[in-house]
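Position one of the first sequence corresponds to residue 4 (my numbering), numbered consecutively onward.
Ideal placement from N, C-alpha and C gives every residue a C-beta, glycine not left out.
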Amino acid sequence: MPELPEVETIVRGLRPRLVGASIVNVWSSGLPLRLARPLDFGALEGICRAGRFVGVRRRAKYILLDVERQGGSRGGVLVHLGMSGRLRLVAASEPREKHTHVVWALPAGRELRFVDPRRFGNVQPADNIDELPELARLGPDPLTELDAAGLEASLASSRAPLKAFLLDQSRIAGLGNIYVSEALFRAGLHPARQASRARRHAGRLFEAIQETLTIGIANRGTTLRDYVDAEGGAGDNFTALLVYGRDGKPCGVCGQVIRRRVDAGRSSFYCARCQKR
DNA sequence: AAAACACCCTGCCTGC
DNA sequence: TGCAGGCAGGGTGTTT
Numbered sequence: 004m005p006e007l008p009e010v011e012t013i014v015r016g017l018r019p020r021l022v023g024a025s026i027v028n029v030w031s032s033g034l035p036l037r038l039a040r041p042l043d044f045g046a047l048e049g050i051c052r053a054g055r056f057v058g059v060r061r062r063a064k065y066i067l068l069d070v071e072r073q074g075g076s077r078g079g080v081l082v083h084l085g086m087s088g089r090l091r092l093v094a095a096s097e098p099r100e101k102h103t104h105v106v107w108a109l110p111a112g113r114e115l116r117f118v119d120p121r122r123f124g125n126v127q128p129a130d131n132i133d134e135l136p137e138l139a140r141l142g143p144d145p146l147t148e149l150d151a152a153g154l155e156a157s158l159a160s161s162r163a164p165l166k167a168f169l170l171d172q173s174r175i176a177g178l179g180n181i182y183v184s185e186a187l188f189r190a191g192l193h194p195a196r197q198a199s200r201a202r203r204h205a206g207r208l209f210e211a212i213q214e215t216l217t218i219g220i221a222n223r224g225t226t227l228r229d230y231v232d233a234e235g236g237a238g239d240n241f242t243a244l245l246v247y248g249r250d251g252k253p254c255g256v257c258g259q260v261i262r263r264r265v266d267a268g269r270s271s272f273y274c275a276r277c278q279k280r
C-alpha cells in the first residue's frame, strides 16, 4: 500500500525525469476512479496538452504534478494512489497493462502512466491543486511539519485509540496501516491505548514515527504486492518490518509471539509484552 | 464534536 | 477442478 515512504520514493524517482518534460498528449480510460467519480478529462486536457511538467511534489500520500500550460499559466494534477495505484515512467513501446487509466505521452517515446486495478486512487486536474479540499483537510507531515510538542497537544485532545488516531490523516498526514503498526511497536505503545492517555509518551512516539518513516524511505518503500516505484522496481522495506504481517512469529525484542487484532477496521500487529495498554 | 462504520473496487487466497 | 466467499485497506460520506 502506498503510504508516505512509498509516495516519497515515487516522487523522488519521477522528479528528475519528469520536470521539464513537455506533454505531447493525454489519454484516459474513461472509467470512474475514487467514489465512482469520473475523471474530468476535459480539464485534464486543458491543463496538460501541449504544456510541460514543472514540478513533482509530495503532500502526505498525495503526489502533486505541477504543469505550465501552453500559454504560460499554471495548473496541476493531484494524484492519489489509493490501495493499488501505480505511477510509472515507461517506454511508450511497452504494452499498456490492464487497468491503465491515465497516460501522459511525453517526447522521446516515453509515457507517464497511472495504473490502478482497484480504482481506489484518484487523478484530479485543477488550476490550483494546492487549494483542493483534499489537501486542506490534511494535518501536519510527520517528517517536516510536526514535533514532539505538537504531537503531544494533538494526543491530548483525542480520546480515540492510538491506532485510529495515527490513521487519521487530519491528525498526522502520511501514515497508513503498515507504518502505524511499526511505529507503535517501536514506541512500545499498544494500538488500543487511548490517545490522550499516551500524551506523556509523545516524545517516544514522535521519534518512533520519524524512525519508522526514515527507514521506510531509505529502503525505498515496502512492497507487499502492488507497490512499485517510478521505474517499476519493488521496495526493500518488507524485510525491515518488525511486526506488520508477522503474527505467529516471535518478537525480535522479547521473543513473545506477535499477535494480530482488528482496530478501526484494520489489522494491527503488535507484541503484547513490549506494547502495554 | 468526535468516533464508528459502510462503501467503492479487483485480485488473491481459502474452503467446499 | 471450479467457483463462491472472505479478505486486503486508501479515503470519503454517513450514521451514531
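> Could you give the residue range of the alpha helix (DSSP H) that holds Gly-49?
Replying inline: Counting from one through the first sequence, the residue named residue 49 turns up at place 46. Where Gly-49 is concerned, the enclosing alpha helix (DSSP H) stretches over 44-51.
>> Which same chain residues end up closer than 6 Å to Asp-229 when comparing Cβ atoms and leaving out the 5 residues on each side of it in sequence?
In response: Within the first sequence, numbered from 1, the residue matching residue 229 stands at position 226. Excluding sequence neighbours, Asp-229 sits near Ser-87.
>> I need the DSSP call for Gln-197, collapsed to helix, strand or coil.
In response: In the first sequence, the residue the question calls residue 197 occupies position 194. Per DSSP, reduced to three states, the secondary structure at Gln-197 is strand.
>> If you measure between the beta carbons of Gly-142 and Gly-85, is that distance less than 7 Å?
In response: Locating residue 142 in the first sequence gives position 139, where the first residue counts as 1. Locating residue 85 in the first sequence gives position 82, where the first residue counts as 1. Between Gly-142 and Gly-85, the C-beta gap is not smaller than 7 Å, which leaves the two residues out of contact.
>> Once DSSP output is grouped into helix, strand and coil, what is the label at Asp-133?
In response: Here residue 133 corresponds to residue number 130 of the first sequence, with the count starting at 1. Reduced to three states, the DSSP call for Asp-133 is helix.
> With a Cβ-Cβ cutoff of 7 Å, do Ser-199 and Ala-152 count as a contact?
Replying inline: The count along the first sequence starts at 1 and reaches residue 199 at position 196. The count along the first sequence starts at 1 and reaches residue 152 at position 149. In this structure, Ser-199 lies away from Ala-152, with their beta-carbon atoms at least 7 Å apart.
> Is the beta carbon of Ala-90 less than 7 Å from the beta carbon of Ile-13?
Replying inline: Start at 1 with the first residue of the first sequence, and residue 90 comes out as number 87. Start at 1 with the first residue of the first sequence, and residue 13 comes out as number 10. Reading the sequence as shown, one finds Leu at residue 90 and not Ala. Less than 7 Å separates the beta-carbon of Leu-90 from that of Ile-13.
> Given 8 Å as the limit, is there contact between the segment 204-224 and the segment 35-54, that is, 3 or more CB pairs closer than that?
Replying inline: No: fewer than three Cβ pairs fall under 8 Å.
> Applying the criterion that 16 or more other CB atoms from any shown protein chain within 10 Å of the CB defines a buried residue, is Arg-122 buried or exposed?
Replying inline: Counting from one through the first sequence, the residue named residue 122 turns up at place 119. Of the other Cβ atoms in all chains shown, 16 or more fall within 10 Å of the Cβ of Arg-122; this residue is therefore buried.
> With which residues is Gln-127 paired in a DSSP beta bridge?
Replying inline: Within the first sequence, residue 127 is the residue found at index 124, counting from 1. Looking at the DSSP output, Gln-127 bridges to Leu-81.
> Between which two residues does the beta strand (DSSP E) harbouring Asn-28 extend?
Replying inline: As a position in the first sequence, residue 28 is number 25, starting the count at 1. Where Asn-28 is concerned, the enclosing beta strand (DSSP E) stretches over 28-31.
> Among Asp-144, Ile-66, Gln-73 and Pro-41, which residue has its Cα nearest to the Cα of Ser-173?
Replying inline: On the first sequence, position 170 is the one that residue 173 refers to. For the residues Asp-144, Ile-66, Gln-73 and Pro-41, the minimum Cα distance to Ser-173 belongs to Asp-144.
>> Using only the alpha-carbon positions, how far apart do Lys-166 and Tyr-247 sit?
In response: Numbered from its first residue, the first sequence carries residue 166 at position 163. Numbered from its first residue, the first sequence carries residue 247 at position 244. If you take the alpha carbons of Lys-166 and Tyr-247, they lie about 13 Å apart.
> Do the CB positions of Arg-223 and Gly-235 come within less than 7 Å of each other?
Replying inline: Within the first sequence, residue 223 is the residue found at index 220, counting from 1. Within the first sequence, residue 235 is the residue found at index 232, counting from 1. Between Arg-223 and Gly-235, the C-beta gap is not smaller than 7 Å, which leaves the two residues out of contact.
> Near Gly-191, what residues of its chain come up, given a Cβ to Cβ distance below 6 Å and the 5 sequence neighbours on each side ignored?
Replying inline: Position 188 of the first sequence holds residue 191. The residues are Cys-277 and Gln-278.
> With distances taken from CA atoms, which of Ala-243, His-104, Gly-49 and Pro-8 is nearest Leu-36?
Replying inline: For the purposes of this step, residue 36 is identified with residue 33 of the first sequence, where counting begins at 1. Nearest option by C-alpha distance: His-104.
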